[in-house]
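Protein chains in written order, with the working numbering: chain A, 11 to 431; chain B, 517 to 695.
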């Protein structure tokens, strides 16, 4: 293995080695120790509502098939045929009783069992034990409030324990009203950057908003809640590397569309009551569930996964979500605010790409790589806030979440197993 | 559809392409009707019903990709939001286009068909848009447009434009140009 990652991440002094964004050996170690170990987001319940519905995605670079079997139970398998390793399912979504591999025709039922092998008698002399060659399931699969997560590590703690205090913060995105959320739009695209730059950005970079997104803010595409260092804004770290940006409890982060603003004002008392007393302290608007699942409720509402594709490439899968209980015209307004704000063409999002790309690409230079990243903003101006159940910054601008995120990253990278974490 | 109209439409679309490549965005905006819907959708990977890779359990669940095009839109704009996008570019902070992209719009397969109303007609066209940016970045955006053109006075206005971009996972890092 490579150097101790704790030597590359100095969160006590707010310094971060840039080697972790470019070196292939470190990326390979991330695949083994971060992505084959942590709970990763798969999809939302509303994307596979009926028996037989399936959804294909990835856990890091591993293709994964999520499917609701004919009896209604949800499974997640490697999307790989057990015979020669061909990718089994090539569609994004659909509905089926069985999946048949395009190479030799091995057929699996939607609960993973191998039920069809062409010429079983002639080719295998009837000796292939089909029960042993079903699809490979993930080690653990659980859902929280309709969000399905899985891990490849049987030793990983249960999902609820892994999320810890972050669970309440997730509620503020997906459990604001009875019925939760549903997905209304999907975007997928490729960015030439390391996956950690968008993950840390969504987890705690309120500082970039006023400048990176200045064009969109000054031309009326946002109410701009995070764009100023208002004292009510906090960077919040509920533990285990999970991080969020919160605005003040009375702040509005949503798009400046009349349907959305009116809807949010109307449901606010109901939402406050549902979420409990902490909602009177903070209003979370964007965050990252460690390592690569982010939630956004400012300007646009999206859930997204930053799929790593090598140290220098990331594939974004992003879904616009709405409260299921919202009226149709409000849902459409949220869909439009998502499409217009945070998509490859988004008036906000398009201006993020070059920054993350160039932060990554300059690391190719040996001299630039020796220059540490400065994560010192607000160092020493954060404290544990019992009411929030989290470490929180004193100011709206702070890199306290960056320090927490990378401290967790180094700890998991250096640990031999979950018992050391 | 008469040759004269077809010729007029071709020249209209070629001029539009040149306005975009020359970054004359205000003149480009003037080609659109105030009630335009300007939208761009991407494509899904779905098994056709005849596919032997699956055995559909619930026939009501497998739908054609055009049934959910709203869900795959990357642009869904009005005249007002298009104007906002042009205003964005003039703030000096629209970093995706600063320095600007170099684009070349190639428009082909132009087909003029009757419209939904007497004052309009439909136009299909295919496009290849080459985008060169910074030092060595290159993107190709390839797809189809279905426009409705409206006769207003002696000229033409685009009253609807649906752009289909033929990719599932976009390989470009962003869509910061117009089509």
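No residue lacks a Cβ here, since even glycine has one placed at the ideal position from N, Cα and C. This one's a predicted model, so the numbers in the text were calculated from it and none came from an experiment.
Helix, strand or coil: which one does DSSP assign to residue 568 of chain B? Within the second chain, residue 568 of chain B is the residue found at index 52, counting from 1. Residue state, collapsed to three classes: coil.
In the DSSP assignment, the beta strand (DSSP E) including residue 622 of chain B goes from what residue to what residue? One-based indexing of the second chain puts residue 622 of chain B at position 106. Start and end: 618-630.
Partner residues on chain A for residue 590 of chain B, Cβ-Cβ distance less than 7 angstroms: Mapped onto the second chain, residue 590 of chain B falls at position 74. Here the neighbours are 197, 349, 353, 354, 355.
Per-residue contacts from residue 610 of chain B into chain A (C-beta, under 8 angstroms): As a position in the second chain, residue 610 of chain B is number 94, starting the count at 1. Ordered by position in chain A, the residues that pass the 8 angstroms Cβ test against residue 610 of chain B are 225, 361.
Inter-residue Cα distance where the pair is residue 11 of chain A and residue 41 of chain A: As a first step, residue 11 of chain A is located in the first chain; it is residue number 1 there, counting from the start. As a first step, residue 41 of chain A is located in the first chain; it is residue number 31 there, counting from the start. Any answer about residue 11 of chain A is weak, because its pLDDT of 46 lies below 50 and its placement is not dependable; what the coordinates show is given next. Rounded to the nearest angstrom, the two C-alpha atoms are 13 angstroms apart.
Beta-bridge pairing of residue 245 of chain A - partner residues as DSSP gives them: Position 235 of the first chain, counted from the start, is the residue given in the question as residue 245 of chain A. Looking at the DSSP output, residue 245 of chain A sits in a beta bridge with A:255.
C-alpha gap between residue 352 of chain A and residue 361 of chain A, whole angstroms: Taking the first residue of the first chain as position 1, residue 352 of chain A is located at position 342. Taking the first residue of the first chain as position 1, residue 361 of chain A is located at position 351. In a straight line, the C-alpha of residue 352 of chain A is about 10 angstroms away from that of residue 361 of chain A.
Reduced DSSP category for residue 293 of chain A - H, G, I as helix; E, B as strand; rest coil: If you number the first chain from 1, residue 293 of chain A lands on position 283. If DSSP states are grouped into helix, strand and coil, residue 293 of chain A belongs with the strands.
Cβ closer than 8 angstroms: which chain A residues qualify as neighbours of residue 601 of chain B? In the second chain, counting from the first residue as 1, residue 601 of chain B sits at position 85. Chain-order list of chain A residues neighbouring residue 601 of chain B: 357, by C-beta distance under 8 angstroms.
Residues bridged to residue 67 of chain A (per DSSP): Taking the first residue of the first chain as 1, we reach residue 67 of chain A at position 57. Partner(s): A:74.
Along chain B, which residues have their Cβ under 8 angstroms away from the Cβ of residue 109 of chain A? The residue you call residue 109 of chain A lines up with position 99 of the first chain. Near residue 109 of chain A (Cβ distances below 8 angstroms), the residues of chain B are 569, 570.
Starting from the C-beta of residue 222 of chain A, find all residues in its chain whose C-beta is less than 8 angstroms away, skip the five residues before and the five after it, and write them out in chain order. Translated into the one-based positions of the first chain, residue 222 of chain A becomes position 212. Around residue 222 of chain A: 361, 362, 365.
Residues within the region 358-389 of chain A neighbouring chain E, beta-carbon criterion of under 8 angstroms: Among the protein chains in the structure shown, which are A and B, there is no chain E.
Thinking C-beta only, is residue 75 of chain A closer than 7 angstroms to residue 99 of chain A? Within the first chain, numbered from 1, the residue matching residue 99 of chain A stands at position 89. Within the first chain, numbered from 1, the residue matching residue 75 of chain A stands at position 65. Yes.
For the ligand PLP, I want to know if residue 136 of chain A counts as a neighbour, meaning its beta carbon is within less than 6 angstroms of at least one of the ligand's heavy atoms. For the ligand PLP, the structure offers nothing, since it holds no ligand at all.
Put residue 114 of chain A into one of helix, strand or coil per three-state DSSP. If you number the first chain from 1, residue 114 of chain A lands on position 104. If DSSP states are grouped into helix, strand and coil, residue 114 of chain A belongs with coil.
Could you tell me whether any Cβ in chain A is nearer than 7 angstroms to the Cβ of residue 692 of chain B? Taking the first residue of the second chain as 1, we reach residue 692 of chain B at position 176. Yes, residue 692 of chain B lies at the interface with chain A (some Cβ there is under 7 angstroms from its Cβ).
Output the distance between the C-alpha atoms of residue 19 of chain A and residue 416 of chain A, rounded to the nearest integer angstrom. Residue 19 of chain A sits at position 9 when you count from the first residue of the first chain. Residue 416 of chain A sits at position 406 when you count from the first residue of the first chain. Answer to the nearest angstrom: the Cα atoms are 7 angstroms apart.
Let me make sure I understand the geometry here. Which of B:592, B:532, B:649, B:572 has the alpha-carbon closest to that of residue 643 of chain B? For the purposes of this step, residue 643 of chain B is taken as the residue at position 127 of the second chain. Minimum Cα-Cα distance from residue 643 of chain B among the listed residues B:592, B:532, B:649, B:572 corresponds to B:532.
If contact means a Cβ-Cβ distance below 8 angstroms, which residues of the region 393-427 of chain A contact chain B? Going along the region 393-427 of chain A in chain order, one finds no residue with a Cβ nearer than 8 angstroms to chain B.
What are the boundary residues of the alpha helix (DSSP H) that includes residue 419 of chain A? Locating residue 419 of chain A in the first chain gives position 409, counting from the first residue. Boundaries of the alpha helix (DSSP H) harbouring residue 419 of chain A: 410-424, taken from the DSSP string.
Contact check, residue 253 of chain A vs residue 213 of chain A, beta carbons under 7 angstroms: In the first chain, counting from the first residue as 1, residue 253 of chain A sits at position 243. In the first chain, counting from the first residue as 1, residue 213 of chain A sits at position 203. Closer than 7 angstroms, so yes.
Could you tell me which chain B residues have their CB closer than 7 angstroms to the CB of residue 60 of chain A, listed as they occur along the chain? Mapped onto the first chain, residue 60 of chain A falls at position 50. Those within 7 angstroms of residue 60 of chain A in chain B are 574, 577.
Does any C-beta atom of chain A lie closer than 7 angstroms to the C-beta of residue 659 of chain B? Numbered from 1 along the second chain, position 143 holds the residue referred to as residue 659 of chain B. Chain A, which has no Cβ nearer than 7 angstroms to the Cβ of residue 659 of chain B, makes this no.
So which of B:690, B:628, B:611, B:633 has the shortest CA-CA distance to residue 647 of chain B? Position 131 of the second chain, counted from the start, is the residue given in the question as residue 647 of chain B. Of the candidates B:690, B:628, B:611, B:633, B:690 places its Cα closest to the Cα of residue 647 of chain B.
Do residue 195 of chain A and residue 291 of chain A have their C-beta atoms closer together than 7 angstroms? Here residue 195 of chain A is taken as the residue at index 185 of the first chain, counted from 1. Here residue 291 of chain A is taken as the residue at index 281 of the first chain, counted from 1. Taking the C-beta atoms as reference points, residue 291 of chain A is found no nearer than 7 angstroms to residue 195 of chain A.
Would you call the CB atoms of residue 78 of chain A and residue 63 of chain A closer than 7 angstroms? Taking the first chain and counting its residues from 1, one reaches residue 78 of chain A at position 68. Taking the first chain and counting its residues from 1, one reaches residue 63 of chain A at position 53. In this structure, the beta-carbon distance from residue 78 of chain A to residue 63 of chain A falls below 7 angstroms.
List, in chain order, every chain B residue whose beta-carbon is nearer than 8 angstroms to that of residue 88 of chain A. The residue you call residue 88 of chain A lines up with position 78 of the first chain. Near residue 88 of chain A there are no residues of chain B at all, since even the closest Cβ is about 17 angstroms away, more than 8 angstroms.
Kindly confirm or deny that the region 298-312 of chain A and the region 249-268 of chain A touch, where touching means at least three C-beta pairs closer than 8 angstroms. Cβ pair count under 8 angstroms is three or more, so yes.
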